[in-house]
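In order, the protein sequences belong to chains H and R. Heads up, the first sequence stops at 355 in the working numbering, and the numbers go up one at a time, no gaps. Heads up, the second sequence stops at 355 in the working numbering, and the numbers go up one at a time, no gaps. All C-beta atoms in this analysis are idealised placements derived from N, C-alpha and C, irrespective of residue type, glycine included. Some notes on the structure that comes next.
Protein chains: 2
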Amino acid sequence: MKLNDRKIRILEAIITDYIATAEPIGSRTIARKYNLGISPATIRNEMSDLEELGFIEQPHTSAGRVPSQKGYRLYVDNLMQSRKLSQEEADFLKNAISFNVNRIEYMMEQTAKALAMLTSYTTVVTEPKSRKVKVKHIQLIPIDESEIAAVIVLDNKAIKNNIIRVRNIPDTDELNKISSGINGILKNCSAEDIDSGAITELMRSFTQYKDMVTKVLKAVISALHQEEDVHVYTSGVKNLLGFPEFSDVTKVKNIFQTFEEKDMLITLLGEGDDTSADKIQIIIGGENNMEELRDCSIVRANYRFGNNSVGKIGIIGPTRMNYSQTVAVLNEIVKKLDSVIGAFVDGEDGGYDE
Amino acid sequence: MKLNDRKIRILEAIITDYIATAEPIGSRTIARKYNLGISPATIRNEMSDLEELGFIEQPHTSAGRVPSQKGYRLYVDNLMQSRKLSQEEADFLKNAISFNVNRIEYMMEQTAKALAMLTSYTTVVTEPKSRKVKVKHIQLIPIDESEIAAVIVLDNKAIKNNIIRVRNIPDTDELNKISSGINGILKNCSAEDIDSGAITELMRSFTQYKDMVTKVLKAVISALHQEEDVHVYTSGVKNLLGFPEFSDVTKVKNIFQTFEEKDMLITLLGEGDDTSADKIQIIIGGENNMEELRDCSIVRANYRFGNNSVGKIGIIGPTRMNYSQTVAVLNEIVKKLDSVIGAFVDGEDGGYDE
DNA sequence: AGTTAGCACTCGACCTGATTGAGTGCTAAC
DNA sequence: GTTAGCACTCAATCAGGTCGAGTGCTAACT
């Protein structure tokens, strides 16, 4: 049996209609709504074939047809026409997000929120993270009689701070000397580079400040680990409640469970991922391996932030989600984020929003 | 009509039962389950009185009775016996949260999560925030050929960083001189203290680094404002879906809407608040002024963090929530947080968790 | 006077059966 | 190859009936 042009047009009609209405669609409705120039009976025959080919399925006899996972896949890969963002949509994105590289968390939070509002699906965004973070600079700053701050600048532009309590604080000059000494040893070290060799060297260099240096070391290691700990921003979880396929509370509960678990979200965004690919990926229904998200599709993309730093964005909706709009929105936001970084690297400092 | 002892015992039975089952309860059931030594008929008479007094109500004729808002209020204020946390519950809290003052965000996140798991309600936690934040110390650190980091230590122990791009970077000694110069002027300033006087003084002192100083100033102002921007951690939103009173999806949607809006949560935790009071507050049903949360109760408390810094914790459940357990849990966690801060102030540095 | 047994009544929950309508597959004619 | 016609299926909807948990009222009992 061949998937001829007419079959494809019928399949497309079914998918379009189902995305819009969430109702199984029958032959007569297709004949009425879409002018294909053929009678319901003919459509019935074609639909019967489409079902046998696995592109549509029937919830039960005497109901209309519904696209299958395979059907959506065909649609997404071959049928769907890429669409550009409307002016309103583009404007919305531009206004909803204050692109400010100095406040990345805030920017990511806004991004998640804006995408959720625009698509009315659920959005998950991870902060840009480097694969391996290294120390770029360490500076000790006196705060008061008993506390100093260890400021640790990392090579991905992140800065971490730890307050350290010490019995008696060296004066500023001495502290600067210690800072540059520590710098000499720890500069360009990643978490695993800090081995016993580096540690004993440090201890030997600063015997009289052993206690303080130990604490600084701990802070550095903690900072490096912290930085590998990915932040995840979620928004629009409640949006899913609006779709009829999720009117069953127990079903939704499992989905929400997943959304509250950071690890799940990260695997969701990363699973089977090719980081080098800049293409948008679409994962339909059961193609993700999470039982709870069987009725959801995910449209996801990576965005780049500097050289080796990559963040992820995912939009999660029902399998019958509006793929073309979602892809368009995602394309736009990735382009936007890239350009912000570009401007930053080229000399702008991102500005402040007040 | 007087609210005699027997009426009170019946009311208590109704509330206890309803909290456990979420089902309206009738006279016969009370007679069977609670040995009050009176017949259903007598109970019926008393219930009729209780209804007239406004402590219970009937969803419809021929259904059992359900506690009213006034009923819960009486229960919470007079009837409920305070209960201590069980050993298991206390252990759970202790193990679920790594009390580490150097990673406050992480600690708050864990606190929210632990409370949500323990109570099976929704938890909202705000970071401890001071009313007015002041600059304690500013330090400029060179990062590379074109960037310096402005590290801004605030008097509430928070540290903020901004990367600043400048055309040509002064050497370290010069930078230190500039740092201490800026410090001299901006130290102990809050956001509103930075007026035109301070700004012109700064500009006069550093005419040759005007550009850089302007950017530092912007960073300081931004940091002070950022610090006044409260972080809110929410957990266990999905928990509400498990309760029969929230099996209607559209109802839940409105509630979730509220939970996604930070401002709403903050007013929810702060409304009619007496910050000086350390007592736990209970807000029943419509006593909060948010239409969407009419069917929810909130148990909330403040915790102190240092001198003038206060955070809030709220636990949100159905009106028939388990008030005595919730209060016990909240008491425990507030005590715990206080003691962590105490230890910190007394000389511990909070440790690192690896 | 307070308590209780008895009884009629109410009303949601649940089951059953009939009807409707959207949909199908098959067959025969165009 | 296309289509009209027809028998068939099945979820959804509605009406009617029964059940049971609950009530309020009255009269009798302590």
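Apart from sequence neighbours up to five positions away, the residues of its chain that approach R/E148 with a beta-carbon distance below 6 Å are I164, R166, ordered along the chain. Residue pairing by DSSP puts H/E148 in a beta bridge opposite H/D145, H/R166.
For H/E13, the closest C-alpha among the options H/S69, H/K135, H/S63, H/E229 is that of H/S69. Assignment of beta-bridge partners to R/V233 by DSSP yields R/T127.
With at least 16 other beta carbons inside 10 angstroms of its own, R/D156 counts as buried. Of all residues in the region 242-264 of chain R, only L242, G243, S248, V250, V253, K254, F257, Q258, E261 come within less than 7 Å of chain H when Cβ atoms are compared, listed by chain position. Annotated as proximal: H/G237 and H/M118, with beta-carbon spacing under 8 Å. R/Q111: member of the alpha helix (DSSP H) spanning 105-120, first to last residue. For R/Y76, the closest of R/K337, R/D230, R/S325 by C-alpha to C-alpha distance is R/S325. Identification of residues in the region 138-154 of chain H having a C-beta nearer than 7 Å to some C-beta of chain R yields H138, Q140, I142, I144, A150, V152, V154, given in sequence order.
Following the DSSP letters along the chain, one finds H/P319 inside the beta strand (DSSP E) bounded by residues 310-319.
Chain H places no beta carbon closer than 8 Å to that of R/K130, leaving this residue out of the contacts. Rounded to whole angstroms, the Cβ separation of H/L80 and H/I9 is 7 Å, and the two are in contact under 8 Å. Using a CB distance below 8 Å, no part of the region 183-205 of chain R faces chain H. For the region 117-128 of chain H, there are no residues whose beta carbon sits under 7 Å from a beta carbon of chain R. The Cβ of H/I160 sits closer than 8 Å to at least one Cβ of chain R. Counted as a single uninterrupted DSSP element, the stretch harbouring H/A159 is not any beta strand (DSSP E), since DSSP gives it neither H nor E.
Residue contact with chain H for R/K211: absent (no Cβ-Cβ distance below 8 Å to any residue of chain H). Of the other Cβ atoms in all chains shown, fewer than 16 fall within 10 Å of the Cβ of H/S40; this residue is therefore exposed.
Distance between R/L294 and R/I284, taken at the CA atoms: about 11 Å.
Residues of the region 296-317 of chain R whose Cβ lies closer than 9 Å to any Cβ of chain H: none. Contact between the region 123-134 of chain H and the region 305-319 of chain H is present: three or more C-beta pairs spanning the two stretches fall below 8 Å. H/N255: member of the alpha helix (DSSP H) spanning 250-261, first to last residue.
Beta-bridge analysis with DSSP links H/S191 to H/K135. By the criterion of at least three beta-carbon pairs nearer than 8 Å, the region 183-197 of chain H is in contact with the region 205-224 of chain H. Check the Cα spacing between R/S63 and each of R/D50, R/R45, R/Y73, R/V221: the tightest is with R/R45. Look at the region 220-239 of chain H: the residues with a C-beta under 9 Å from a C-beta of chain R are A220, I222, S223, H226, Q227, D230, S236, G237, V238, K239.
Residue environment: R/T251 is assigned as exposed (fewer than 16 neighbouring CB atoms within 10 Å of its CB, all protein chains considered). Within the same chain, S28 come within 8 Å of R/A42 by CB-CB distance, once the 5 residues on both sides are set aside. With a threshold of 8 Å between beta carbons, R/N5 makes no contact with chain H. As the crow flies, the alpha-carbon of R/R74 is around 10 Å from that of R/G286.
Leaving aside the five residues that flank R/T327 on each side, the residues in its chain whose CB is nearer than 6 Å to its CB run, in chain order, T120, V300, I316.
In the three-state scheme derived from DSSP, where H, G and I count as helix and E and B as strand, R/S298 is classed as strand.
Using a Cβ-Cβ cut-off of 8 Å, R/I98 does not count as an interface residue toward chain H, since no Cβ of chain H sits closer than that to its own. Within the same chain, and ignoring the five residues on either side of H/I281 in sequence, the residues whose Cβ sits closer than 6 Å to its Cβ are A302, V328, L331. R/E106 is a Cβ neighbour of R/H232, given a cutoff of 8 Å.
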